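Residue numbers (the UniProt record's numbering), protein chains in the order written: chain A, 1 to 158; chain B, 1 to 361; chain C, 1 to 123; chain D, 1 to 267.
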Amino acid sequence: MVRFKSRYLLCELCVSDQSSLQLLDDRAVFTGVRGAVCRAHGDYGAALCSVSFAVKYLNADTGVVFLRCRKSHYRILWSALPFITHLENRGQKVPCAFNCLYVGGTIRTCQKFLIRYNIQQLHRMLPHCHNEAERLEVRRAVLNCSLKSLEKEEEEDE
Amino acid sequence: MFTNLEKCPRNLLVCEKSSFLNEKSRHDIHVAKHFFNYKVSILIPECGIIPSFLSSVVNGFSKYYLVRDLPLHKLLEDEFLEKVVKTGSLYALSYKTRIDQDNTFAILPTGQVILSVDKDTYEELGLEGKASQYNHRQPMRYVVTIDMTDKSLAPGGKRYKRVMWALKEKVQLTSDFLLARYSIGGDEEGLLQSCLSQYSCKELRPSVSTQTLRDLLCPSLDPADLRRDARSHDPQQFLEWLGTVTMDMSSNNEATSFVSTYCCPEPQSSMSQALVYTVTGLLLPEDIHSLLKELRRYFDEPRFTSWLSMTVHGFADSPISWGSTEHGFHKGGENFYTFVIFKNQDYWLHMATGANDGCPP
Amino acid sequence: MGEHASYERLVFKNASVYHYMKIDLILESEDKRLNAAHFKQLIISALRDLYGEIGAAFPFDVLKFEEDTLTAVLRVYNSGLVKLWSALTLLGSYHSEPCAVRVTQVSPFLLALSGNSRELELD
Amino acid sequence: MAVFVDLNISHTVDKKRLQNIIETAAHLGYSTVAINHVVDLQQKKQEIGKPKCVSELFDQFPIVQGKSRPIKVLNRLTLVVSEASHFRPTNEFKSYDVVAVFPKTEKLFHAACMSFDVDIICIAVTEKQPFYFKRPPVNGAIDRGVFFEISYVPAIKDSTMRRYTISNSLSLMETCKGKNVIVSSGAEKPLELRGPYDIANLGLLFGLSEGDAKAAVSTNCRAVLLHGETRKTALGIIHTMKKIEPTAERREEEEAPVLKRARTEAV
């Protein structure tokens with residue numbers, strides 16, 4: 001049996017107001033991205049992408065999104081992402097931008113990257129802490145959260 | 001983005017530069033080997049009416065015949081072979097048959113018979129041939145070449161009988177044919193007609209049309225510079241320009257214009273008028289050769305132009321292009337050549353073929 | 001043979017950067033008129049439908065357009081040929097009225113469009 | 001490299017329109033067309049009738065453009081099946097030149113590929129494919145010489161259907177690798193038909209290679225017609241028919257073996 005090769009796009013949703021991310025769900029991201037692909041690449045692009053296209057994971061707290069599509073067509077999906085200016089859910093508009101962080105062949109490699117990326121971010125953000133108390137607070141939070149909930153780390157960054 | 005959609009069929013363009021006065025010049029061979037010509041168009045810059053010596057050559061072009069429902073074996077019977085095929089050069093091409101769909105037949109003046117047939121016919125025919133070059137997954141088309149001048153195929157012989165049996169008894173290959181015969185004497189008026197009297201036979205003459213174009217831009221040509229390294233336009237650009245002229249398109253657009261951005265290649269000069277003279281029909285290489293000779297004489301008198309061009313289009317559905325090189329039809333079936341003749345008897349020759357074609361000689 | 005041009009031979013494979021298409025637009029009602037600009041706009045909108053904004057941005061030229069017969073000659077880069085052709089094939093309506101584009105000939109050489117032996121009619 | 005064929009011209013009772021479509025097809029260069037009679041077995045009281053004789057359509061069939069032959073018109077039956085029990089081969093099948101089936105469920109698709117005595121399996125183009133194409137049934141169909149059909153007219157008419165057409169055919173191509181595919185129109189109006197070279201180019205969008213795309217309107221259709229012939233006859237070797245003469249008793253007539261089985265194999 002031949003395996004259909006996929007590509008996973010690890011994206012970060014950039015929003016001005018972090019809380020607005022809570023309004024989004026998989027469905028909203030799915031339709032938003034599909035609409036963007038259709039605008040940028042037309043019916044043909046949309047048809048190509050729709051083969052095995054899925055939102056594999058959405059973290060409404062950190063804005064991390066995993067998109068999956070066929071390996072042969074991931075560039076179509078990727079090139080449409082910059083044209084997204086907002087997503088819509090239940091009539092509410094969320095202005096946002098997609099920032100593609102990593103493209104991987106499996107969810108696993110994407111996850112590894114995400115951990116590395118978040119650690120990097122943590123190191124970058126830590127010096128910005130205003131006083132020792134804040135710093136300790138961050139450290140405590142990081143130690144508190146188990147490895148399972150990686151996404152918490154990023155939340156602490158803010 | 002869509003890489004699978006960005007490929008397109010290959011095409012070939014062979015450009016030659018030489019002089020008619022060069023002893024080794026092969027222009028006559030190229031002309032003689034392009035057997036089935038459909039259209040000749042001549043472009044003479046700065047010329048209003050066609051010189052009489054040219055039109056008289058064209059008027060002397062051989063007649064050709066359209067014969068309906070002619071069985072192929074008729075053309076290979078001893079009598080016909082002796083009388084027609086072996087005494088002059090016979091050109092025969094099946095008419096209204098498409099090389100990518102139907103069985104197509106051609107008889108070359110060299111005495112070769114070429115059958116390009118589909119798989120079913122090939123299997124029933126039982127003649128030896130080889131698979132066409134342009135097959136996909138499984139061969140669906142075969143090319144059978146029979147050389148009638150071969151000694152082993154002499155009428156009455158075993159192999160000859162087998163060929164006739166295959167074409168007569170096994171499968172009656174019948175088609176409409178375009179026939180023409182070139183003979184130096186020209187004494188056998190109606191020889192073809194008399195031989196094929198039992199079939200509906202229509203005599204046809206090549207049709208001629210003239211068109212005068214006014215005020216156009218034209219690229220400046222330098223005979224020594226085929227490749228155009230020094231200048232900015234190359235053979236493709238010149239051929240493209242020639243195309244726009246023969247199809248009467250505007251060639252002075254702005255780079256920003258919406259509809260078309262085509263511009264005449266630089267360096268350019270303007271031309272007050274030009275003559276496009278076209279002949280259509282089954283045109284024989286011999287006739288084209290004599291036309292070419294006359295065109296060279298055009299510069300015997302002082303003229304305003306330093307060059308003129310002649311384009312010869314081949315039949316898109318002919319089974320061969322040059323010599324016995326296989327020809328096919330993928331999307332366009334193009335096979336043509338263009339002579340650019342200069343005042344000093346230098347020439348450029350551009351030969352082009354499309355996707356399912358062998359390379360021009 | 002110094003005075004004559006010396007022999008030179010060049011072979012180009014896929015030399016032409018363009019492909020040329022000869023097409024016919026067929027409208028259901030024959031009283032509609034359109035000019036070259038409308039015609040190009042129609043093709044661009046067909047491209048946009050099938051290939052989106054990015055697809056609609058690739059350049060092509062309408063080298064010739066005859067308003068009475070609605071025939072045209074298009075020039076397109078090789079890489080855009082399949083896209084343009086398929087967009088023309090899937091073009092089904094003009095101003096919500098059925099229409100069709102018939103492609104008569106496609107060639108990498110413009111000259112070849114002026115001598116199509118499939119147009120030969122001797123009857 | 002064979003003649004161009006369109007195996008799906010929608011049947012209408014409007015004779016004038018049908019004539020119009022066939023004339024257009026001839027003008028576009030199709031040498032053979034098949035008139036498609038659709039029978040939806042879901043609805044009750046749907047009977048497979050005998051098709052009208054095609055010779056009633058024209059006194060003189062239109063000449064194919066660029067050729068001196070008239071166009072050949074055939075009859076085709078398409079059964080829309082959603083339950084396996086509905087599919088029952090009847091004698092009426094024999095009066096059609098080509099029989100197609102449009103399976104609505106995965107189970108039926110499997111059955112159609114592996115066992116149904118049909119020539120064509122239709123692929124959904126107006127809706128999202130409700131199941132995945134699995135390799136075993138698709139390969140089974142290819143081995144049996146059954147072809148998959150994609151109709152392009154819905155893609156001309158509507159943007160959403162265009163998306164379904166393309167994505168469904170792409171997922172089919174992932175499994176069948178471009179083998180045993182035919183592309184046909186499904187036209188109801190003359191203006192919906194497209195020329196054979198246009199379709200060969202359109203095939204690239206459906207995930208076919210250039211050669212496969214041209215085969216999809218020519219050689220593969222020829223294979224379908226031959227396959228249809230083998231169904232009507234005993235593997236294309238023996239052809240039985242009733243003698244209409246009232247006095248003569250029923251006799252089996254043996255025709256020359258026009259077909260060899262090998263020829264119907266997929267190309």
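Using N, Cα and C, we set each Cβ at its ideal position, and we do this for glycine too. None of the values given here were measured: they were computed from a predicted structure.
Exercise. Is the distance from the Cβ of E188/D to the Cβ of T12/D below 8 Å?
Worked result: As a first step, residue 188/D must be located in the fourth sequence, where it is residue number 188. As a first step, residue 12/D must be located in the fourth sequence, where it is residue number 12. The answer is yes: Cβ separation under 8 Å.
Can you list the residues of chain D that F4/A reaches, using a CB-CB cut of under 8 Å? Position 4 of the first sequence, counting from 1, holds the residue named residue 4/A. Under the 8 Å cutoff, chain D gives E174.
### Message
I'd like the span of the alpha helix (DSSP H) that includes W85/C, first residue to last.
### Response
Residue 85/C sits at position 85 when you count from the first residue of the third sequence. It spans N78 to T89 - the alpha helix (DSSP H) in which W85/C sits, taken as one unbroken run.
| said: Going by beta-carbon coordinates alone, are P62/D and I48/D separated by less than 8 Å? | reply: For the purposes of this step, residue 62/D is identified with residue 62 of the fourth sequence, where counting begins at 1. For the purposes of this step, residue 48/D is identified with residue 48 of the fourth sequence, where counting begins at 1. Their beta carbons are not under 8 Å apart, which means P62/D does not touch I48/D by this criterion.
Scan the stretch 128-183 of chain D and note each continuous beta strand (DSSP E) run of 3 residues or more that stays entirely inside, going in chain order. Runs found: 147-151.
message: What residue range does the alpha helix (DSSP H) around T311/B cover?
response: In the second sequence, residue 311/B corresponds to position 311, counting from 1. Note, T311/B: premise wrong, no alpha helix (DSSP H); beta strand (DSSP E) at W307 to G314.
*Quick one: grab the DSSP three-state call for V37/A.*
Looking up residue 37/A in the first sequence gives position 37. Looking at V37/A - three-state DSSP - the assignment turns out to be helix.
* Asked: Taking 8 Å as the CB-CB cut-off, is S45/C touching chain B?
  -> Within the third sequence, the letter at position 45 stands for residue 45/C. No, S45/C lies away from the interface with chain B (no Cβ there is under 8 Å from its Cβ).
message: Helix, strand or coil, according to DSSP, for E23/B in the structure here?
response: As a position in the second sequence, residue 23/B is number 23, starting the count at 1. Coil at E23/B, not helix or strand.
Quiz item: What does L74/D pair with, by DSSP beta-bridge criteria?
Solution: Residue 74/D sits at position 74 when you count from the first residue of the fourth sequence. Answer is A34/D, bridged to L74/D.
Original post:
Ends of the beta strand (DSSP E) at T174/B?
Top reply: Taking the first residue of the second sequence as 1, we reach residue 174/B at position 174. First-last of the beta strand (DSSP E) with T174/B: T174 to Y182.
Can you give me, in chain order, the residues of the stretch 91-123 of chain C that have a beta carbon less than 8 Å from any beta carbon in chain B? Q105, V106, S107, P108, F109, L110, L111, A112, L113, S114, G115, N116, S117, R118, L120 and L122
Legend entry - Where the beta strand (DSSP E) containing E64/C begins and where it ends: Within the third sequence, numbered from 1, the residue matching residue 64/C stands at position 64. According to the sequence displayed, residue 64/C carries Lys and not Glu. Residues F60 to E66.
For this session: Give the residues of chain G in contact with G52/C, contact being defined as C-beta atoms less than 9 Å apart.
Result: You won't find chain G in this structure, because its protein chains are A, B, C and D.
Using only the alpha-carbon positions, how far apart do E6/B and G80/C sit? If you number the second sequence from 1, residue 6/B lands on position 6. If you number the third sequence from 1, residue 80/C lands on position 80. Using only the alpha carbons, I get a separation of about 6 Å.
Please classify G92/C: is it buried, with 16 or more other beta-carbons within 10 angstroms of its beta-carbon, or exposed?
Here residue 92/C is taken as the residue at index 92 of the third sequence, counted from 1. Flag for G92/C reads buried.
Report task. Could you check what DSSP says for S232/B in three-state terms: helix, strand or coil? Result -> Taking the first residue of the second sequence as position 1, residue 232/B is located at position 232. The pLDDT assigned to S232/B is 46, lower than 50, so where the model puts this residue is not dependable; a value taken from the coordinates is nonetheless given after this. Coil.
Problem set entry | Beta-carbon spacing of A87/C, L50/C below 8 Å | Residue 87/C sits at position 87 when you count from the first residue of the third sequence. Residue 50/C sits at position 50 when you count from the first residue of the third sequence. Yes, the Cβ-Cβ distance between A87/C and L50/C is below 8 Å.
- Message: Relative to the C-alpha of T104/B, which candidate in H30/B, Y95/B and R26/B has its C-alpha closest?
- Response: By one-based count along the second sequence, residue 104/B stands at place 104. With distances taken between Cα atoms, T104/B lies closest to Y95/B.
Query raised in the report: Candidates Q237/B, F258/B, S250/B and C15/B: which alpha carbon is nearest E266/B's?
Result: Residue mapping note: residue 266/B aligns to position 266 of the second sequence, counting from 1. Answer by Cα proximity: Q237/B.
| task | Return the CA-CA distance between K177/D and G145/D, expressed in angstroms with no decimal places. | result | Taking the first residue of the fourth sequence as 1, we reach residue 177/D at position 177. Taking the first residue of the fourth sequence as 1, we reach residue 145/D at position 145. Rounded to whole angstroms, K177/D to G145/D spans 15 Å at the Cα level.
- [ ] Whole angstroms is fine: what's the gap from L75/B's alpha carbon to L90/C's?
- [x] On the second sequence, position 75 is the one that residue 75/B refers to. On the third sequence, position 90 is the one that residue 90/C refers to. If you take the alpha carbons of L75/B and L90/C, they lie about 46 Å apart.
Note to self: I want to verify the contact list: residues of chain D whose CB lies under 9 Å from the CB of D49/C, in sequence order.
What the structure shows: Walking along the third sequence from the start, residue 49/C turns up at place 49. Near D49/C (Cβ distances below 9 Å), the residues of chain D are S159 and R162.
Subject >> Residues bridged to C69/A [DSSP beta-bridge criterion] >> reply: Taking the first sequence and counting its residues from 1, one reaches residue 69/A at position 69. In the DSSP output, where bridge partners are listed per residue, C69/A has R7/A.
Query - Own chain, CB closer than 7 Å to C110/A, minus 5 neighbours either side, in chain order - result: Reading the first sequence from its first residue, position 110 is the one you call residue 110/A. Here the set comprises Y8, L10, F66, Y102 and G104.
Problem set entry | Residue of P98/C, L113/C and L120/C minimising C-alpha distance to N335/B | Position 335 of the second sequence, counted from the first residue, corresponds to residue 335/B. Checked all of P98/C, L113/C and L120/C; the closest Cα to N335/B is L113/C.
| request: Report yes or no: do three or more beta-carbon pairs, one from the stretch 38-48 of chain B and one from the stretch 303-311 of chain B, lie closer than 8 Å? | output: yes
Is there contact here, the stretch 66-76 of chain C with the stretch 52-71 of chain A, by at least three beta-carbon pairs under 8 Å? no
_Less than 7 Å between C-beta atoms, sequence neighbours within five positions excluded: which residues of the same chain meet that for L42/C?_
Here residue 42/C refers to the residue found at position 42 of the third sequence. For L42/C, where only same-chain residues beyond five positions count, the Cβ hits under 7 Å are Y94.
| Based on the DSSP output, what are the partners of W348/B in its beta bridges? | Here residue 348/B refers to the residue found at position 348 of the second sequence. DSSP output for W348/B lists K17/B and V340/B as bridge partner(s).
Measuring only the C-alpha atoms, how far is L136/A from L114/A?
Here residue 136/A refers to the residue found at position 136 of the first sequence. Here residue 114/A refers to the residue found at position 114 of the first sequence. About 24 Å.
When you compare only the Cα positions, how much space is there between L204/B and V106/C?
Within the second sequence, residue 204/B is the residue found at index 204, counting from 1. Within the third sequence, residue 106/C is the residue found at index 106, counting from 1. In this structure, the straight-line span from the alpha carbon of L204/B to that of V106/C is close to 29 Å.
Beta-carbon contacts of V171/B that lie in its chain and below 7 Å, excluding the five residues immediately before and after | In the second sequence, the residue the question calls residue 171/B occupies position 171. Only T121, E124 and L125 meet the Cβ criterion.
For this session: Could you have a look at H19/C and say whether DSSP puts it in helix, strand or coil?
Result: Working through the third sequence from its first residue, we reach residue 19/C at position 19. Correct three-state label for H19/C: strand.
Can you tell me the Cβ-Cβ gap for S184/D and S151/D, rounded? I've got them flagged as a contact below 8 Å.
-> As a position in the fourth sequence, residue 184/D is number 184, starting the count at 1. As a position in the fourth sequence, residue 151/D is number 151, starting the count at 1. 6 Å between Cβ atoms; contact.
| message | Can you check whether the C-beta of S18/B is within less than 8 Å of a C-beta belonging to chain A? | response | Here residue 18/B refers to the residue found at position 18 of the second sequence. For S18/B, the answer is no, since every Cβ of chain A falls outside 8 Å of its Cβ.
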